[in-house]
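Protein chains: 2
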Amino acid sequence: MEVSIDSGRAGQRPAIAEVLRESIRQGMLAPGQPLIQASIAEAMGVSRIPVREALHALAAEGLVTFGEDGGARVTALAPEEVDELWTLRALLESHMAPAIVRTATPADVAALRELVVAMDDLEATAWSDRNFTFHQELHRLAEMPHVADATGRVLTMIEPYSRVAVTVLQEQSEAQAEHHQMIEALAADDSDELARLLLHHSHRARMALLAYAAETAKPVDPQAVATAAARSLADHLGA
Amino acid sequence: MEVSIDSGRAGQRPAIAEVLRESIRQGMLAPGQPLIQASIAEAMGVSRIPVREALHALAAEGLVTFGEDGGARVTALAPEEVDELWTLRALLESHMAPAIVRTATPADVAALRELVVAMDDLEATAWSDRNFTFHQELHRLAEMPHVADATGRVLTMIEPYSRVAVTVLQEQSEAQAEHHQMIEALAADDSDELARLLLHHSHRARMALLAYAAETAKPVDPQAVATAAARSLADHLGA
DNA sequence: AGAGAATACAGTGTATACACTTAAATGCAA
DNA sequence: TTGCATTTAAGTGTATACACTGTATTCTCT
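So, in structure tokens, the structure goes:
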């Protein structure tokens, strides 16, 4: 998504699609949750038109699904889909490993190491945020914008599920240990080891997540979350 | 005036993004060409609103790029980007090969063989159309919807360049020969061979295309194509 | 004629208004 | 109470209208 869909007015900063994407990624908008145009528009202080555009963009990214009735919901993934996406993530990340090792400068490695060290003592939510950033920074080093884009899309789609793995399934410490190993592989110019670590990173998380995915793939109670979208968004905008 | 009074019907809605995507994929809308909302709206007989939504969706897919001035253009890829996307295509297609071999029924193979045979004597444009279909059908067999989606996006992005390779660089006969080999590999349940063929298929095309990509990546003369979008679209809609 | 200022234009962004669809709520009859 | 028809509400799709921006074009003055 290198294309910023920023509006003509530079002053109206928080691009709507951006806020929605982040809200979905961070789990503020749960999978299956209806996305009512008018509610979102009101929460963000705009009309429905730019909201519609954002929803269509997110639908093209797979984050939002338009039902047969025309209503948009946060895409809910079936367990097999989560599994497929984690496998795809592994494929794409390990594909980038050689390029990452090749192009990474000592300064890049130092910056990544600093990032990882700073994550050591974070609690689950903050750690998940940094985790996403860490992987994105890693991808950026490969200098393969389209592969990184595709990978980022996959990461974003599975992030809500990944977060629960971190929170519920205690994945954080093992993942963090692997992050440190990745830094060492990177510092040692060992692309095979980096690729191996990235594959294993996804593989372990994938296994841990299948159980949770089976849980969340169940239909979400619609009435309980009817207006939650606007509220979550308003909170997020206030922050 | 046509009979359709069905404004606000779901059947009409996907048409706009669909038509634009197909027009871009088939090269009717050339890379770099400006996409003027009002022109497209008039050509398709709708207002700018649904056109905007379609453009944003296509931008999220990477087919359309919004410039700093807010204007949308058909995304023009630099040679390195074309190269990256062909490599990514090879990765994704070969990743699906085992699943394709595993799930393909004899009827699937027969249908694909029929499709390939029917392509034998087609001229470049018609062949390119069927070529796209052939690969999409192949991907569908893997039963990996998200991988197939990502692959389809990549195929669509590189298709305008691929078409010129077929037309200008005489790639058709070699590619077609490889298609036949793929069918045989599929019939023989040889997933390694299918993966190898898919890798080689992209690799050869990628090499042939780099030269052309360098050509087309140059900025397109804007004034010569100013209103061509509407005309091409009108023609396509009439067909 | 040429340089600079004022104007017209082309294009975008978005708010408002209205048509349509579906589903829920309501009311009435049995 | 239940079943059914009718009305109401919620939500979406899109056309129109207006505001803004940058660019070209024209006009004026020297």
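Protein sequences appear in the order of chains A and B.
Count the first sequence with the numbering used here and you get residues 123 to 361, in order.
Count the second sequence with the numbering used here and you get residues 123 to 361, in order.
Ideal placement from N, C-alpha and C gives every residue a C-beta, glycine not left out.
- About 18 Å separates the CB atoms of L213(A) and H325(B); that is not less than 8 Å, and the two are not in contact.
- In this structure, L291(A) lies away from M304(A), with their beta-carbon atoms at least 9 Å apart.
- If you draw a straight line from the Cα of A240(A) to the Cα of E215(A), it comes to about 23 Å.
- For the 9 Å CB-CB criterion, M266(B) and L210(A) form a contact.
- By the beta-carbon neighbour count (other beta carbons within 10 angstroms, threshold 16), G189(B) is exposed.
- Within chain A, not a single residue places a beta-carbon under 9 Å from that of A246(B); the smallest gap is close to 26 Å.
- At a C-beta separation below 7 Å, I171(B) has these neighbours in chain A: I171.
- If the five residues before and after D205(A) are omitted, its C-beta is found closer than 7 Å to the C-beta atoms of R328, L332, all from its own chain and listed in chain order.
- Looking at the DSSP output, V186(B) shares a beta bridge with V196(B).
- At a beta-carbon threshold of 7 Å, none of the residues of chain B lie near M218(A); the nearest stands roughly 10 Å away.
- DSSP lists no bridge partner for L210(B).
- Not flagged as an interface residue toward chain A: M166(B), since no C-beta distance is shorter than 9 Å.
- Residue range 246-263 is occupied by the alpha helix (DSSP H) that includes L263(A).
- At a cut-off of 9 Å between beta carbons, H178(B) contacts chain A.
- G149(A) sits buried, since 16 or more C-beta atoms from the chains shown fall within 10 Å of its C-beta.
- Against H268(B), the close residues of chain A are E203, E206, L207, L210, in the order they occur along the chain (beta-carbon pairs closer than 7 Å).
- The residue among D191(B), S169(B), V196(B) with its C-alpha nearest the C-alpha of A182(B) is V196(B).
- Against chain A, the CB of D271(B) has a partner CB under 9 Å away; the residue lies at that interface.
- Among the CB atoms of chain B, none fall inside 9 Å of the CB of R285(A).
- The beta carbon of A309(B) lies closer than 6 Å to those of V231 in the same chain, with the five residues before and after it left out.
- Residues of the same chain with a CB within less than 8 Å of the CB of H302(A), apart from the 5 flanking positions on each side, are V238 in chain order.
- By the criterion of a C-beta distance shorter than 7 Å, L263(A) is surrounded in its chain by I222, T225, A226, D230, once the five residues flanking it on both sides are discounted.
- Per DSSP, P153(B) lies in no alpha helix (DSSP H) segment and is marked neither H nor E.
- With 16 or more other Cβ atoms from the protein chains shown falling within 10 Å of its own Cβ, T187(B) counts as buried.
- In this structure, the straight-line span from the alpha carbon of L151(B) to that of S145(B) is close to 6 Å.
- Neighbourhood of R174(A) in chain B, by CB distance below 7 Å: E175, in chain order.
- If you compare the alpha carbons of A287(B), H257(B), T289(B), V288(B) with that of G274(B), the shortest gap goes to H257(B).
- Among the residues facing chain A, M279(B) is included, as its CB has a counterpart in that chain under 9 Å away.
- A Cβ-Cβ separation of about 4 Å places E175(A) in contact with H178(B) under the 8 Å criterion.
- Under the Cβ distance rule, A139(A) counts among the residues neighbouring chain B, one pair being separated by less than 9 Å.
- The beta carbon of L214(A) falls within 9 Å of a beta carbon belonging to chain B, placing the residue at that interface.
- Looking at the backbone, the Cα of A200(B) and that of A137(B) are separated by about 29 Å.
- Each of E281(B), A270(B), L244(B) was checked against the Cα of F254(B), and the nearest Cα belongs to E281(B).
- E259(A) is classed as exposed because its beta carbon has fewer than 16 other beta carbons within 10 Å across all chains shown.
- Neighbours of E183(A) in chain B, taken as residues at a C-beta separation under 7 Å, are given in chain order as A182.
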